[in-house]
Amino acid sequence: MSMLVQRCAQRSRLVKMLADGWEPNPKDALFASDLTELSLECADALRLCAHVWKALAKRLFDDPSCDLEKEPAQFREALQRTIQAAQKLQSQIDDMGNKGQRPEPAAAIDIKKAQEILEKLDSTWPFPNKKKMAESRAAYQSGQFETAEEVLHAAQGHSSPADHQGNRLAGPEPHVESEVAGQHS
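All you need for my numbering is the position in the sequence shown, starting with 1, plus 295.
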């Protein structure tokens, strides 16, 4: 695992532990100091996540030796932890504001950017790797594949479109248990 992803994972654990353990008490003499430190730590962790995402995305596509499974999974976990900690802190600050207290965090906590990174990560990962691509190509070349039309028909409960060639106006086949059971084996 890269040092950067490791650093992000450790920082996310620290921020989550601090956020989970902090009980806001405006009467506490160190309240303002604690809020300042925790908001700075959350903001730093969120910036680190953005930095790691840029570096990781570049590395995943530029470095053929990069682990396409482990590092993105570890980063995703760290990013989620950081978002949860920042959301908890923001929620506590909002609750205090609703009670008439006006706590001022020392740093803006930009959760939205981290959530956008998480959405990008979720929409692109797991990444295709060379082994999976080679297996897919071999299966395709040997005829072990289904067309999109076949998958759609199977999902809709119809028989294969190859069974209906030249007979499109006849309508769907009647439902027969043995035919359906044999089709998916």
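Where is the CB? At the ideal position from N, CA and C, for every residue including glycine.
When the alpha-carbon of Ala381 is set against those of Glu399, Ser334, Glu444, the nearest one is in Ser334.
Around Ala345, the same chain offers Lys408, Ala409, Ile412 as residues with beta carbons nearer than 8 Å, after the five sequence neighbours per side are excluded. From the listed residues Leu343, Lys365, Asp323, the smallest Cα separation to Ile378 is found for Leu343. Short of 8 Å from the beta carbon of Phe440, and not among the five residues preceding or following it, lie these beta carbons of its own chain, in chain order: Ala434. Using a C-beta cut-off of 8 Å, the stretch 303-315 makes contact with the stretch 366-378, since at least three inter-stretch Cβ pairs fall below that distance. Cβ contact annotation for Asn320 (same chain, cutoff 8 Å, sequence separation greater than five): Phe326, in chain order.
Its Cα nearest to that of Arg371, the residue Arg308 stands out among Ala324, Leu384, Arg308.
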